[in-house]
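**Q** If you count the sequence shown from 1, position 31 lands on 39 in the working numbering, and the numbers rise without skipping.
Below is one structure. I have some questions about it.
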Amino acid sequence: MTNMDQIELTLPNGDVLTMERGVTPGEVASSIGPGLAKAALAAVVNGETVGLMDPLQSNADIRILTVKDPESLPVLRHSAAHVLATAVRELLPSAGIGFGPAIDEGFYYDFDVDTPFTPDDLEAFEKRMAEVTAADQPFERRQVTKDEARQLFGDDPLKLERLEEFEDDEVITVYENGPFLDLCKGPHVPSTGKLEHFKLLSGAGAYWRGDEKRQMLQRIYGTAFHSRPELDKHLDRLEEAKKRDHRVIGKELDLFSIQEEVGSGLILWHPRGGIIRHTVEEFLKDTLLEHEYELVFTPQVASEELYRISGHLEVFEENMFPAMEGDGARFRMKPMNCPHHFMIYKTQTRSYRDLPLRFAELGTCYRYERSGTLHGMLRVRCFTQDDAHIFVRSDQIAEEYDRLLDLTDYLLKIFGYEYHLALSSRPEKAIGDPEVYDQATETLRGVLERREADYVLDEGGGAFYGPKIDVNLVDAIGREWQGGTFQLDFQMPQRFGLEYIGADNKPHEAVVIHRTLLGSMERFIGGLIEHYGGAFPTWMAPEQVRVLPVGEQWNESAREFAENLEQAGIRTSVEARDTLGYRIRDAETLKIPYMGVIGEREATNGTVAVRSRGIGKKQEVMDRSSFIDRVLDEIQNKSLC
Numbered sequence: 009m010t011n012m013d014q015i016e017l018t019l020p021n022g023d024v025l026t027m028e029r030g031v032t033p034g035e036v037a038s039s040i041g042p043g044l045a046k047a048a049l050a051a052v053v054n055g056e057t058v059g060l061m062d063p064l065q066s067n068a069d070i071r072i073l074t075v076k077d078p079e080s081l082p083v084l085r086h087s088a089a090h091v092l093a094t095a096v097r098e099l100l101p102s103a104g105i106g107f108g109p110a111i112d113e114g115f116y117y118d119f120d121v122d123t124p125f126t127p128d129d130l131e132a133f134e135k136r137m138a139e140v141t142a143a144d145q146p147f148e149r150r151q152v153t154k155d156e157a158r159q160l161f162g163d164d165p166l167k168l169e170r171l172e173e174f175e176d177d178e179v180i181t182v183y184e185n186g187p188f189l190d191l192c193k194g195p196h197v198p199s200t201g202k203l204e205h206f207k208l209l210s211g212a213g214a215y216w217r218g219d220e221k222r223q224m225l226q227r228i229y230g231t232a233f234h235s236r237p238e239l240d241k242h243l244d245r246l247e248e249a250k251k252r253d254h255r256v257i258g259k260e261l262d263l264f265s266i267q268e269e270v271g272s273g274l275i276l277w278h279p280r281g282g283i284i285r286h287t288v289e290e291f292l293k294d295t296l297l298e299h300e301y302e303l304v305f306t307p308q309v310a311s312e313e314l315y316r317i318s319g320h321l322e323v324f325e326e327n328m329f330p331a332m333e334g335d336g337a338r339f340r341m342k343p344m345n346c347p348h349h350f351m352i353y354k355t356q357t358r359s360y361r362d363l364p365l366r367f368a369e370l371g372t373c374y375r376y377e378r379s380g381t382l383h384g385m386l387r388v389r390c391f392t393q394d395d396a397h398i399f400v401r402s403d404q405i406a407e408e409y410d411r412l413l414d415l416t417d418y419l420l421k422i423f424g425y426e427y428h429l430a431l432s433s434r435p436e437k438a439i440g441d442p443e444v445y446d447q448a449t450e451t452l453r454g455v456l457e458r459r460e461a462d463y464v465l466d467e468g469g470g471a472f473y474g475p476k477i478d479v480n481l482v483d484a485i486g487r488e489w490q491g492g493t494f495q496l497d498f499q500m501p502q503r504f505g506l507e508y509i510g511a512d513n514k515p516h517e518a519v520v521i522h523r524t525l526l527g528s529m530e531r532f533i534g535g536l537i538e539h540y541g542g543a544f545p546t547w548m549a550p551e552q553v554r555v556l557p558v559g560e561q562w563n564e565s566a567r568e569f570a571e572n573l574e575q576a577g578i579r580t581s582v583e584a585r586d587t588l589g590y591r592i593r594d595a596e597t598l599k600i601p602y603m604g605v606i607g608e609r610e611a612t613n614g615t616v617a618v619r620s621r622g623i624g625k626k627q628e629v630m631d632r633s634s635f636i637d638r639v640l641d642e643i644q645n646k647s648l649c
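Printed below as a string of structure tokens:
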């Protein structure tokens, strides 16, 4: 055997194994020890997750994955998708098969069938899946030619369509377990027996390849975990998420609606939802002014030429609404605010002493999201973006990012969110000088590390024009939501000629930071509804106090107290209709923070019997002015309780 027949594999502890070319990670695990071989599920080779049966052809760093490694969970879930497809094909042999990837919280598989799946179908599929896992069928990987693959999937048009997209020199693999064969890149766990803890969750329609012009398939969602406690915890969280669904709570609390006559993805804010939005927006604007932002306002339509200059027409047109004709010109609904802010910047000659300049706008934008992606307030076609564009010199980038991170921390503590940070680096399709992009990424990395901030690296996840830091919110039940983003941009200044006069009296190119702190008002407030379960803190609640007279004879005293509350700036109503019990239940259903009950004793003594949200029938009798002070203190301090 020559050296050309051998490769060197470096283990996490630095040990180097010299092995025959074509060895598999499974064989590597066996060479290390029987315990690791038994526990192994997959491997990471040079940073890429691969299956235990994938042959290794060159020197590499290798790490064997077991249930202790987070990277093994997507492999388990992708394998669960294949087990699902196995069960469906056995029970419905005529079902066409699409694809079944792992997703953040589980997996799905798409099927071409005549009728939607029912809950009984899902129950039958899950039962058959358990039989497949009990059979412990090995996942067998095989490399095939395109012609061989055409023969294998000759009766499955969905697979044949995908197959024709492969390049002639691209490696094509199929995976087989028991009777099921799939066109798949993998990786998979060694056998179906590794799947013990899974659950099918729901069915839904899904267009083939996400294209609403193509046929509708039936998608089955499921999840899988390495252990029963993990699965049970996840299922409990899903049940809690159902209770917190902003679409359900939004209807119950009369916050917003989406109506067919108006259009999909278009939110109608009702008065109760409108006051929540107004409160959040006013707080945000006041905060921005305190942090030296300048508020701007821009139109919701613009000449198509503006988006041609920015490049959005070239790379983003499919997400823009169609052009409108007028006065011999073409106009577009605004998909984003940045080109408008750039044009404001260009109206004056800027000095290096003027920078940074921070233009902020709660700007309404329009994007033609596909109907299948729309989801309540979280994915819409018309949204108001908490947007700003900060124009800086290159030597000001680090300091400005520090300010952004400080401001983010302040805001998210007010709203009661924990959060994670992610640094995104250069994608394959980035434009401009790669060295400039990478240097900017290192600048942002330096900011995070100097702050000793916890962050993850999203390799290749940056914008095409520059790197970014993303803020991912963690809600009350542990789910992550997209939050703010701070994107560094060296390209738009070139396209728009965004310059300043430097200390040398010569023009220099500014750098732009695109930033959102909260994101869109629709998505952020939709997230808040779920985060709080509709029980908004007093300062945000659409109705902060409801005054309830015990009987008609106490109505006048109740109205006087309500007037005192309103004069203090507290959102108040008086409800005197129906029985007291009914009125209390109604206030509880609307999750109003406080009820102030007025009876004979309270009217005589100038007090109020206070019922606080969430503490049941317990009442606290208080002096009215003391109660007003308590509520005002919660509002002014933006208390979360």
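Ideal Cβ placement from N, Cα and C applies to all residues, glycine included.
Just mark Glu-530 as buried or exposed, buried being the case when its beta carbon has 16 or more other beta carbons within 10 Å.
**A** buried
**Q** How big is the Cα-Cα spacing for Glu-407 and Val-400?
**A** 10 angstroms
**Q** Checking 8 angstroms against the spacing of the C-beta atoms, do Val-616 and Phe-569 come in under that value?
**A** yes
**Q** In the DSSP assignment, find the beta strand (DSSP E) that holds Lys-476 and state where it starts and stops.
**A** Per DSSP, the unbroken beta strand (DSSP E) holding Lys-476 starts and ends at 476-482.
**Q** Looking at Phe-324: is its Cβ nearer than 8 angstroms to the Cβ of Pro-307?
**A** no
**Q** Just the Cα atoms here: how many angstroms apart are Ile-533 and Arg-285?
**A** Taking the straight line from one Cα to the other gives about 7 angstroms.
**Q** Run the CB neighbour count on Lys-167, radius 10 Å, all protein chains shown included, and call it buried at 16 or more, exposed below.
**A** buried
**Q** Looking at the structure shown, is Val-83 part of a helix, part of a strand, or coil, going by DSSP?
**A** helix
**Q** Buried or exposed for Asp-262, going by 16 or more other Cβ atoms inside 10 Å?
**A** exposed
**Q** Would you please state the rounded distance, in angstroms, between the beta carbons of Glu-300 and Arg-366? I believe it to be under 8 angstroms.
**A** 6 angstroms
**Q** List in chain order: all unbroken beta strand (DSSP E) runs of 3+ residues lying wholly within the region 378-434.
**A** Those beta strand (DSSP E) runs which fall completely within the region 378-434 and span 3+ residues are 390-400 and 426-432.
**Q** Just the Cα atoms here: how many angstroms apart are Ala-103 and Phe-119?
**A** 6 angstroms
**Q** Going straight from the alpha carbon of Pro-475 to that of Ile-398, what length do you get?
**A** 15 angstroms
**Q** Look up Lys-259 in the DSSP assignment and say whether it is helix, strand or coil.
**A** In this structure, Lys-259 counts as helix in the three-state DSSP scheme.
**Q** Grouping DSSP H, G and I as helix and E and B as strand, with all else coil, what is Ile-266?
**A** coil
**Q** Between the Cα of Pro-545 and the Cα atoms of Thr-493, Met-500, Leu-452 and Ile-600, which residue gives the shortest distance?
**A** Ile-600
**Q** For Leu-386, collect the residues of the same chain with a Cβ closer than 6 angstroms to its Cβ; drop the 5 residues on either side in sequence, then sort them by chain order.
**A** Arg-531 and Gly-534
**Q** Here's the rule: buried if 16 or more other CB atoms are within 10 angstroms of the residue's CB, otherwise exposed. What is Asp-335?
**A** exposed
**Q** Specify, as a first and last residue, the run of the alpha helix (DSSP H) that Pro-42 falls within.
**A** 42-47
**Q** Starting from Ile-521, trace the beta strand (DSSP E) in both directions and tell me its first and last residue.
**A** 519-528
**Q** Met-12 by DSSP, collapsed to three states: which one?
**A** helix
**Q** Pair every Cβ in the region 90-105 with every Cβ in the region 45-64, then say whether three or more of these pairs are closer than 8 angstroms.
**A** no
**Q** Three-state secondary structure (DSSP) at Tyr-368?
**A** The amino acid occupying residue 368 in the given sequence is Ala; Tyr does not appear at that position. Looking at Ala-368 - three-state DSSP - the assignment turns out to be strand.
**Q** Just the Cα atoms here: how many angstroms apart are Ser-528 and Arg-170?
**A** 36 angstroms
**Q** Which residues bound the alpha helix (DSSP H) around Ala-249?
**A** In this chain, the alpha helix (DSSP H) harbouring Ala-249 covers 236-252.
**Q** Starting from Tyr-229, trace the beta strand (DSSP E) both ways and give me its first and last residue.
**A** 224-233
**Q** Please identify the residue among Ala-337, Phe-329, Asp-403 and Pro-347 whose C-alpha is closest to the C-alpha of Glu-377.
**A** Phe-329
**Q** Is the number of C-beta pairs between the region 271-283 and the region 560-576 that are closer than 8 angstroms three or more?
**A** no
**Q** Pair every Cβ in the region 437-451 with every Cβ in the region 482-502, then say whether three or more of these pairs are closer than 8 angstroms.
**A** yes
**Q** With C-beta atoms as the reference, is Gly-106 less than 8 angstroms away from Trp-216?
**A** yes
**Q** How far does the beta strand (DSSP E) with Pro-198 in it reach, from first residue to last?
**A** Premise fails: Pro-198 is in no beta strand (DSSP E) and is neither H nor E.
**Q** Between which two residues does the alpha helix (DSSP H) holding Asp-144 run?
**A** Where Asp-144 is concerned, there is no enclosing alpha helix (DSSP H), given that its DSSP letter is neither H nor E.
**Q** Would you say the region 510-526 touches the region 574-591, given that touching needs at least three Cβ pairs under 8 angstroms?
**A** no
**Q** Taking the straight line between their C-alpha atoms, what separation do you get for Thr-355 and Leu-303?
**A** 16 angstroms
**Q** Which residue's Cα is closest to the Cα of Glu-426: Ile-15, Gly-492 and Val-91?
**A** Gly-492
**Q** Note down the Cα distance separating Ala-331 from Gln-223, rounded to an integer number of angstroms.
**A** 27 angstroms
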